[in-house]
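Numbering (my numbering), first residue to last: 2 to 230. Glycine included, every Cβ here is placed at the ideal spot set by N, Cα and C.
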């Protein structure tokens, strides 16, 4: 059976003006993953969304891998959902990033406060009760991602491939393969680490989730490198 290696992008620049780029730690995470993949995989193809953090993660992996990888084939279906829109539908005032920063700075644990709001916003989106307010519905997102998975497997054509994507698509793919509830998908999304690897085994129509959210490469190097945002 062949393997699809689903990689969540390295740590992005949370709280910065441009979130969609790797932080210095994100670059280091990608390089470590590249070193870890040496002698474990010789991918025939590399895929990713069209987000900068997806492309930069592949660049970091390639640096650590120490050899050329196939050029990344871009698939819009592998993009993350618009997390800013999801949060702002629950907290419209946070469309002003200065207001969001002020609100988070006013509490003892800003990261935890944001996570709580994010989870509430996600639950609202998943409910389907406010679909008219979102550019992309939860069901639309799920269909987009599972279609992209079909396309990746068709193009990989029985060979191993690396996919650079985000936590949301990885959670949806796991949900699809394991036939989990939407709530379970949300729970899975919350624990996917940056540059973690999930593995899908496939042969013809058969597909199995063999590994989920493995970040042992980071723990072996330095546990402080493990991040979830």
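query = Counting only runs that start and end within the segment 118–142, where is the beta strand (DSSP E) found for 3 or more residues in a row?
reply = Complete beta strand (DSSP E) runs here, min 3: none at all.
query = For the segment 179–191 against the segment 81–89, are there 3 or more C-beta pairs whose distance is under 8 angstroms?
reply = As far as the Cβ criterion goes, the segment 179–191 does not touch the segment 81–89, which means the pair count is below three.
Local conformation of residue 23 per DSSP, three classes = Strand, per DSSP.
inquiry  = For residue 7, which residues in the same chain have their Cβ closer than 6 angstroms to its Cβ, ignoring the five residues on either side in sequence?
reply    = Answer for residue 7: 164, 171 and 199, listed in chain order.
task = Apply the 10 Å Cβ neighbour rule to residue 40 and answer buried if 16 or more other Cβ atoms are within range, or exposed otherwise.
result = So residue 40 ends up on the exposed side.
message = Here's the rule I'm using: 16 or more other beta-carbon atoms within 10 Å means buried, otherwise exposed. How should residue 99 be labelled?
response = The residue in question, residue 99, is exposed, as its Cβ has fewer than 16 Cβ neighbours within 10 Å.
For residue 119 and residue 60, the rounded distance between their alpha carbons = Distance between the alpha carbons of residue 60 and residue 119 is about 29 angstroms.
request  = Compute the distance between the beta-carbons of residue 63 and residue 52, then report whether it is under 8 angstroms.
outcome  = For residue 63 and residue 52, no; Cβs fall outside 8 angstroms.
message = Helix, strand or coil, according to DSSP, for residue 193 in the structure here?
response = If DSSP states are grouped into helix, strand and coil, residue 193 belongs with coil.
query = Would the segment 136–146 and the segment 202–209 be scored as touching if the rule is three or more Cβ pairs under 8 angstroms?
reply = At 8 angstroms Cβ cutoff, the stretches do not touch.
message = Under DSSP, the beta strand (DSSP E) around residue 213 begins and ends at which residues?
response = It spans 207–215 - the beta strand (DSSP E) in which residue 213 sits, taken as one unbroken run.
task = Can you give me the Cβ contacts of residue 228 inside the same chain, cut-off strictly under 6 angstroms, excluding the 5 residues immediately before and after it?
result = 12 and 195.
request  = Would you identify the three-state DSSP class for residue 106, choosing helix, strand or coil?
outcome  = Note: residue 106 maps to helix in three-state DSSP.
inquiry  = Quick test of your reading: residue 73 and residue 47, contact by CB under 8 angstroms. State the CB separation rounded to the nearest angstrom.
reply    = Confirmed, about 5 angstroms.
key: Sheet register partners of residue 49 (DSSP bridge)   = In the DSSP assignment, the residues bridged to residue 49 are 75 and 165.
ask   = According to DSSP, is residue 39 helix, strand or coil?
value = Three-state DSSP puts residue 39 in coil, outside helix and strand.
query = By Cβ distance, which residues of its chain are closer than 7 angstroms to residue 121, with the 5 residues on each side in sequence left out?
reply = The residues are 91.
ask   = In three-state DSSP terms, what is residue 68?
value = Taken through DSSP and simplified to helix, strand or coil, residue 68 comes out as coil.
key: Where the beta strand (DSSP E) containing residue 90 begins and where it ends   = No beta strand (DSSP E) contains residue 90, which is instead part of the alpha helix (DSSP H) from 84–91.
query = Do residue 87 and residue 123 have their C-beta atoms closer together than 8 angstroms?
reply = Cβ atoms of residue 87 and residue 123: closer than 8 angstroms.
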